[in-house]
Ligand SMILES: Cc1cc2nc3c(=O)[nH]c(=O)nc-3n(C[C@H](O)[C@H](O)[C@H](O)COP(=O)(O)OP(=O)(O)OC[C@H]3O[C@@H](n4cnc5c(N)ncnc54)[C@H](O)[C@@H]3O)c2cc1C
């Protein structure tokens, strides 16, 4: 799709509009205005930092339909039975208390000439700087036989909340000795180790509750994040339960039938009890409606996360095509702080410091068996470029793995406090 | 090894606080004197037992926090799991400023500021460590050479505003409230401890791959800026 600056109705947006807040926006107070679309890892962080650091000099509005943000991070631990859904929910009260004007609504279009964002409830809001951090949507037709209407029969559970709960319910309802299937996504996608942590946590659950069950993973890739670490754990802990079928064995040639509950891999049909379809991904739809995407993602300048298409629009997190950083909550949060510093500088003349980015992704293989991978990044003219990195090793001691897991708990508490100011 | 100081003095051993020069090899006998201040909590030598602190036989080469029956701080155990091994370098850094190497260590000891005294006490302790006994060139008893920070680094005045920006990156994991849910807080740290700790990561004295990586790309000025910001954070 090419640029379209008109106001569009996004799919799904209209349906959700009934939940939204009344139109509240008076004309400006003369202060510069920042509108942030999406209150997740990128958007909540950016809104909080701009409001906090500008000390009232900038009007910050956050547009986010949900009243409670359920993190995808740690949602696999919920599937494994190690977390409750309540542990993953975060409200926007802390942001509101921190001076952010939180509006529960959908953004349904962006007029970049008029510099306004249209809302599902009607009306539109003006901005001087617009920050988009809408996460991901799925590429139509990515998995033959699957579309959004099949997401109840075959959940993706790749956005937080109800989808995750549904997948958990299906996992718990599996017949004895049944089959849990996953269709893994092609690169690039949100949370590179996510599908494999999920497989580990599903296996953890099944080992305790349904030990004769099987897990099949059909994967369009021939290798994946932390592969050696995961496969070591799968072999040592879960015996023969997990069958990973990579690209070389036809894992990319799949179709599903959500009615018959079959997954066909390279021409061979498998009857499955649960089918977790994680399709190919693209930037959240609003980025496309705003006309800042090229292909599936929105290209940005590494120094400040501004769109390559429009200097007054910034794109954070999963939606951005930025270079070397993986699409993770940690990355989105890191990018948000660089962006917040730049936006504040542009609007109020405050000091702008050089961009620094980092990421660490922890994954859990089994209870108290955590691993991690991470890197630091810098802005070059061309992209966000990796500087230095590390990864956990195979054969680490149980004590180190436990420490790594405890650290991930610390990170979860840290990043959610950093996003929501709790 | 014979101590042939002061000819043997290295620049790196110039110490920070007192600016006296330390010989590379300590003097065991003087070390025994120095050890008296440790002896109320630590035993060393034949039949040494754990007291408030662990016994120190074989401390060189030991993984931190691993003597059964000793009540260690959480941080000491974590750093042991992360790979902190007591060697001449790490012991020297720990003795110089215990909290700067292992935050919130239970060892309530201010540290030995005098580099020569540290050399001496380590020379004394080395006697009770196994192979390679008293061979300063070989790990784990090998001498450290870069444990003392250049005084110019400690003298840098940090820019707290830059520090605040840089700190936002730390606060993804280290909560600004100082709460510890698995990752320790760093708010309110004394400036010098902070600088020494970050340089210890940078030089891989402190274990931990994330922190070594994060510290590794910070300049001396940036570390000073962070220290200047965090010291006043409640
Ligand atoms: C199973 C799983 C495990 C994961 N584990 C980890 C992990 O351990 N560590 C890690 O760092 N990352 C992890 N991630 C990745 C992480 O969740 C994402 O990378 C991160 O949330 C991206 O942040 P974001 O701001 O781009 O999008 P999101 O956090 O998804 O936020 C987007 C927000 O935008 C809102 N929105 C969308 N469209 C609109 C619109 N039109 N108008 C208004 N609002 C809109 C949505 O409601 C949503 O709240 C995991 C992901 C999954 C699926």
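Residue numbers (my numbering), protein chains in the order written: chain V, 1 to 422; chain A, 423 to 656. All residues carry an ideal CB built from backbone N, CA and C; glycine is no exception. Source: prediction; values computed, not measured.
Would residue 497 of chain A count as contacting chain V if we go by Cβ distances under 8 Å? Judged by the 8 Å Cβ criterion, residue 497 of chain A is not in contact with chain V.
Over the uninterrupted alpha helix (DSSP H) stretch that includes residue 426 of chain V, give me the two end residues. The requested residue 426 of chain V is not part of the displayed model; chain V covers only 1 to 422.
Less than 8 Å between the beta carbons of residue 333 of chain V and residue 153 of chain V, yes or no? Taking 8 Å as the Cβ cut-off, residue 333 of chain V and residue 153 of chain V do not qualify as a contacting pair.
When you compare only the Cα positions, how much space is there between residue 275 of chain V and residue 104 of chain V? Taking the CA atoms as reference points, residue 275 of chain V sits about 32 Å from residue 104 of chain V.
So, is the C-beta of residue 415 of chain V closer than 8 Å to a C-beta in chain A? Answer yes: the Cβ-Cβ gap between residue 415 of chain V and chain A drops below 8 Å somewhere.
Contact the segment 468–478 of chain A vs the segment 597–612 of chain A: 3+ CB pairs below 8 Å: Between the segment 468–478 of chain A and the segment 597–612 of chain A, the count of Cβ pairs shorter than 8 Å is below three; the stretches do not touch.
Can you pull out the residues from the segment 591–602 of chain A whose beta carbon lies closer than 8 Å to at least one beta carbon of chain V? Of all residues in the segment 591–602 of chain A, 591, 593, 594, 595, 596, 597, 598, 599, 601 and 602 have a Cβ within less than 8 Å of some Cβ in chain V.
Strictly under 8 Å for the Cβ-Cβ distance: is residue 82 of chain V near chain A by that measure? No - not a single Cβ of chain A is within 8 Å of the one on residue 82 of chain V.
Same chain, Cβ closer than 6 Å to residue 613 of chain A, five either side skipped, listed in chain order: Taken in chain order, the residues that qualify are 649 and 653.
Kindly say whether residue 410 of chain V, judged by its beta-carbon, lies nearer than 8 Å to any beta-carbon of chain A. Output row for residue 410 of chain V: interface = yes.
Hey, is the segment 264–283 of chain V in contact with the segment 146–161 of chain V, meaning 3+ C-beta pairs nearer than 8 Å? Per the Cβ contact rule, the segment 264–283 of chain V is in contact with the segment 146–161 of chain V (3 or more Cβ pairs under 8 Å).
Near-chain A residues of the segment 304–338 of chain V (beta-carbon distance less than 8 Å), N- to C-terminal order: Answer in chain order: 330, 333, 334 and 337.
From the DSSP secondary-structure annotation, give me the bridge partner or partners of residue 476 of chain A. Among the bridge pairs identified by DSSP, residue 476 of chain A is matched with none.
Taking beta-carbon pairs under 7 Å, can you tell me which members of the segment 352–380 of chain V lie near chain A? Only those residues of the segment 352–380 of chain V whose C-beta falls short of 7 Å from the nearest C-beta of chain A are listed: 353, 356, 358, 360, 374 and 376.
Spatial distance of residue 54 of chain V from residue 353 of chain V (CA atoms): Rounded to whole angstroms, residue 54 of chain V to residue 353 of chain V spans 15 Å at the Cα level.
Thinking just about the alpha-carbon of each residue, which of A:615, A:594 and A:592 is nearest to the one in residue 576 of chain A? That would be A:615, whose Cα lies nearest to the Cα of residue 576 of chain A.
Mapping the DSSP letters down to three states, classify residue 174 of chain V as helix, strand or coil. Reduced to three states, the DSSP call for residue 174 of chain V is coil.
Mind checking if residue 633 of chain A is an interface residue toward chain V, Cβ cutoff 8 Å exclusive? Not one chain V Cβ lies under 8 Å of residue 633 of chain A.
With a CB to CB cut of under 7 Å and the five nearest residues on each side skipped, what residues in its chain are close to residue 73 of chain V? Counting only residues of its own chain and dropping the five nearest sequence neighbours on each side, residue 73 of chain V has a CB closer than 7 Å to the CB of 329 and 412.
With burial defined as no fewer than 16 other Cβ atoms inside 10 Å of the residue's Cβ, what is the status of residue 86 of chain V: buried or exposed? Exposed, by the Cβ-count rule.
With a CB to CB cut of under 6 Å and the five nearest residues on each side skipped, what residues in its chain are close to residue 180 of chain V? Its chain contains 202, 215 and 274 as the residues whose beta carbon lies nearer than 6 Å to that of residue 180 of chain V, once the 5 sequence neighbours on both sides are disregarded; these appear in chain order.
Given residue 101 of chain V as reference, the closest of V:291, V:56 and V:219 once Cα atoms are compared: With distances taken between Cα atoms, residue 101 of chain V lies closest to V:56.
So, helix, strand or coil for residue 22 of chain V, using DSSP? Summary for residue 22 of chain V: the model assigns pLDDT 37, below 50, so the residue's position carries little reliability, and this model does not support an answer.
Compute every distance between the C-beta of residue 190 of chain V and the non-hydrogen atoms of ligand 1, then say whether any falls below 7 Å. For ligand 1, at least one heavy atom lies less than 7 Å from the Cβ of residue 190 of chain V.
Contact list for residue 423 of chain V against chain A, beta-carbon separation under 7 Å: Since the first residue of chain V shown is 1 and the last is 422, residue 423 of chain V is not available in this structure.
When you compare only the Cα positions, how much space is there between residue 625 of chain A and residue 51 of chain V? If you draw a straight line from the Cα of residue 625 of chain A to the Cα of residue 51 of chain V, it is about 37 Å long.
Cβ-heavy atom distance between residue 134 of chain V and ligand 1 below 7 Å? For ligand 1, at least one heavy atom lies less than 7 Å from the Cβ of residue 134 of chain V.
Can you check DSSP and say which residues form a bridge with residue 485 of chain A? DSSP lists A:507 as partners of residue 485 of chain A.
Helix, strand or coil: how does DSSP classify residue 240 of chain V here? Reduced to three states, the DSSP call for residue 240 of chain V is coil.
Can you tell me which of the three DSSP states residue 636 of chain A falls into? Helix, per DSSP.
Proximity winner among V:209, V:160, V:130 and V:184, relative to residue 178 of chain V (alpha-carbon distances): Closest by alpha carbon: V:209.
Over what stretch of residues does the alpha helix (DSSP H) that includes residue 456 of chain A continue unbroken? Annotation for residue 456 of chain A: the continuous alpha helix (DSSP H) segment containing it runs 450–457.
Taking only heavy atoms of ligand 1 into account, decide whether any of them is closer than 7 Å to the Cβ of residue 106 of chain V. True, at least one ligand heavy atom lies under 7 Å from that Cβ.
Strand pairing of residue 268 of chain V, partner residues [DSSP]: According to DSSP, residue 268 of chain V bridges with V:265.
Can you find a C-beta in chain A that's less than 8 Å from the C-beta of residue 229 of chain V? At a cut-off of 8 Å between beta-carbon atoms, residue 229 of chain V makes no contact with chain A.
Is the separation between the beta-carbon of residue 646 of chain A and that of residue 579 of chain A shorter than 8 Å? Between residue 646 of chain A and residue 579 of chain A, the C-beta gap is smaller than 8 Å, which places the two residues in contact.
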